[in-house]
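One structure is given below, encoded as structure tokens.
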Amino acid sequence: MQDFFLPVIKNALISLGITSDKPVLIERPSDKKFGDYSTNIAFLIARESRRNPKEFAEELIAHLSFPQDTIKSITVAGPGFINFFLTSTFIMQSVEQILLEGNGYGRSCRGKGKKAIVEYVSANPTGPLTIGRGRGGVLGDCIANLLETQSYTVTREYYFNDAGRQMQILGESVRFRYRELCGVTEAFPDTHYQGSYIREIAETIFQEHGPALLDVSDLQLFKNRAESIIFKSVKNTLDRIGIRHDSFFNEHTLYHREGSERSANDQVIDLLRAKEFIGEYEGATWFLTSRIGQEKDKVLIKSSGEPSYRLPDIAYHITKFKRGYDLMVNVFGADHIDEYPDVLEALKILGYDVSRIQVAINQFVTTTVDGQSVKMSTRKGNADLLDDLIDDVGPDATRLFFIMRSKDSHLNFDIDLAKKQSKDNPVFYLHYAHARICSLLRLAASETGFYPDGSGHHLLQLLDSEPELRLGLLLLEYPQMISASIRLLEPQKMVDYLHSVAELYHKFYQECPILKAERDISRARLFLSLATKQVLCNGFRILGITAPESM
RNA sequence: GUGCCCGUAGCUCAAUGGAUAGAGCAUCAGCCUUCUAAGCUGAGGGUUACUGGUUCGAGUCCAGUCGGGCAUACCA
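6 is the number of the first residue of the first sequence in the numbering used here; add one for each residue after it.
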């Protein structure tokens, strides 16, 4: 609809001799008495030219020239809003377009020829995925889905490190449990991983090797075995909720030196040093962030000689630039909030265009069970496992609950609510709308021989009641909801939107008999139902939830 | 202390700087001889934490105050 209004408004401005690059707002007013669409253009121009908005609005609408039979009336209201009332014919003609575009409705070519990378989950393989990780996982996956609708070529990447200290501790933890199985009793350090999965891994190793590894001091076997078992479980968990990565990037490759070659990490140091942003003191190598106004410098290479996480992070992002991505989205939790500004600063210093990087930070998840909130820590092993959650509430509810709140808000995951198989659970509301339509279509086929074959779409133009027009208008908003979701990296917009679609459909269903109406009206309403189903399906695909045909 | 996020109905949350701040749950009152009542209609419920500022217009932007979360590592 933006594309419908904006050119006309622009032409009117030109004929008044006005050029303005202000972003014109075309929106659905909150109250239907203000029309189907409204614009704030008069306020924008009035400010620039120091005129009365209302007077200017009156003058402008005289110059608006819309195609025949699209606009019923235009009014100026309030302090200078311009309100448009559309003809029902035009609304329903536009709905026809949805049926024509089908699965492609909502897609655009905006990202055609552009490469995007979305990095998400990126949990190190130290334990099974927790509920907290799930939020970022679903968020990232939905963002990737959104970008794909805009024709971006999307890489879903998982960044991990299997060489750090945490992995060392993992290996030791497993060995402890293994030695227990061999009959050696030692105090288990509380700095180590307490989770029961450690015991299970140790048991697997014990079954494979018996007590033969009791005196092996090298951790490698324990570590590797643990890593492969845990990674398998992580991938399996993700797969259960439809998250599949294209690429797993091992941080350790950034440490790799071929002969006398410098590693990717080394090169970052070299480049930053050339820019005089590297300092050495207290036995460590520092990124001199105090030079750019930060309180403290940041360690890049520890006095032990190992890089801190920041160095490979920078090197990693350079690989993204070298791999030619036009858009790089990083999804991570609020606990990593301090991590990315340094990376961006370093990249900026090295001359990279950091505007191509967008960061989506999701706030924490607290789970409540019986009103009790649960604190989580992988180390202590008391975390709520994502797998358990999926067992409890199913993949659809898991995904929907994670993204039905704004990523900036703390998510209160009420497990009891999510478990409920009732209307309290929003996923059912969405499913029900879709299933209801499918049921109608089945009945229509069996009772009246209605099969949607592409002919007869024009019957839609017979519809002109309020529930029908409201639903139609909402369906037309779908492409704009996708744009807004991408702009804000906020799939939650889509959840809200689809909920409204379901709501208006239920109202339409309530007020307008579909199968029992006169033949042409009945068909028209079936087409409107089909268009609704199409929007729901396209939206569900982005959210990654199923579209059940019956309940 | 400093940085980031949050503070909106009893609860969980919406609301591109736009018109009378909206949904769901909960409470109360209605709608099934009729296409799925897992639905719909209606009622009550608000000083948008507080104080200033910016402007035609502020829940939204700015400053400050108060509360909550996260981070402030030579962990990642």
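Glycine included, C-beta positions come from ideal geometry on N, C-alpha and C.
This one's a predicted model, so the numbers in the text were calculated from it and none came from an experiment.
Query: Beta-carbon gap between Arg140 and Val126 smaller than 8 Å; Result: no
Query: CA-to-CA distance, Asp458 to Glu63, given in whole angstroms; Result: 46 Å
Query: Beta-ladder partner(s) of Ser252, from DSSP; Result: Glu162
Query: Reduced DSSP category for Pro472 - H, G, I as helix; E, B as strand; rest coil; Result: helix
Query: For Asn88 and Thr80, believed in contact at Cβ under 8 Å, the rounded distance; Result: 5 Å
Query: Nearest to Gln299 (by Cα), restricted to the options Asp331, Pro346 and Pro216; Result: Pro346
Query: Any alpha helix (DSSP H) of 4 or more consecutive residues that is wholly inside the segment 437-504; Result: 471-480 and 483-492
Query: Three-way DSSP call (helix, strand, coil) for Gly215 in this model; Result: helix
Query: Residues of its chain near Gly107, where Cβ-Cβ distance is below 8 Å and the 5 sequence neighbours each way are ignored; Result: Gln539
Query: Backbone secondary structure at Phe10 - three-state DSSP; Result: helix
Query: Span of the beta strand (DSSP E) around Asn417; Result: Leu416 to Asp419
Query: Burial state of Thr453 (16 or more Cβ within 10 Å); Result: exposed
Query: Met556 in three-state terms, based on DSSP; Result: coil
Query: Alpha carbon of Ser113 to alpha carbon of Tyr157, nearest angstrom; Result: 10 Å
Query: Sequence ranges, alpha helix (DSSP H) only - wholly within the segment 325-406, length at least 4; Result: 344-354
Query: Backbone secondary structure at Ser54 - three-state DSSP; Result: helix
Query: Among Glu256, Ser238, Arg184 and Lys498, the one whose alpha carbon lies nearest that of Leu224; Result: Arg184
Query: Cβ shell of Ala47 (< 8 Å), same chain only, five flanking positions each side left out; Result: Pro58, Lys59, Phe61, Ala62, Leu65, Val81, Gly85, Phe86 and Ile87
Query: Stretch pair the segment 145-157 + the segment 189-206: three plus CB contacts closer than 8 Å; Result: no
Query: Distance between beta carbons of Leu91 and Asp41, contact taken as under 8 Å; Result: 5 Å
Query: Which of helix, strand or coil DSSP assigns to Pro130; Result: coil
Query: Length of the line joining the Cα atoms of Asp557 and Leu104; Result: The displayed coordinates of the chain run from 6 to 556. Any statement about residue 557 would go beyond what the structure contains.
Query: Beta-carbon proximity check, Leu259 vs Ala320, cutoff 8 Å; Result: yes
Query: Met381 versus Ile23 - alpha carbon distance; Result: Confidence is the limiting factor: at Met381 the pLDDT is only 49, short of 50, which leaves the residue's position unreliable, though a coordinate-based value still follows. Going from the Cα of Met381 to the Cα of Ile23 covers about 59 Å.
Query: Nearest-angstrom beta carbon gap, Leu405 and Leu548 [assumed within contact, 8 Å]; Result: 7 Å
Query: Secondary structure of Pro431, DSSP reduced to three states; Result: helix
Query: Inter-residue spacing [alpha-carbon to alpha-carbon] between Asp358 and His415; Result: 31 Å
Query: Backbone secondary structure at Glu101 - three-state DSSP; Result: helix
Query: Contact the segment 434-448 vs the segment 164-180: 3+ CB pairs below 8 Å; Result: no
Query: Nearest candidate by alpha-carbon position, reference Asp392, set Asp26, Gly247 and Asp220; Result: Gly247
Query: DSSP state of Asn241 mapped onto helix, strand, coil; Result: helix
Query: Given Asn367 as reference, the closest of Glu311, Val143 and Lys119 once Cα atoms are compared; Result: Val143
Query: Beta-carbon separation (whole angstroms), Glu162 vs Glu213, contact threshold 8 Å; Result: That belief does not hold up - the Cβ atoms of Glu162 and Glu213 are roughly 32 Å apart, past 8 Å.
Query: Rounded distance between the beta-carbons of Ala529 and Leu468, thought under 8 Å; Result: 5 Å
Query: Val304 - partner residues in DSSP beta bridges; Result: Trp291
Query: Residue burial classification, Met486 (beta-carbon count within 10 angstroms, cutoff 16); Result: buried
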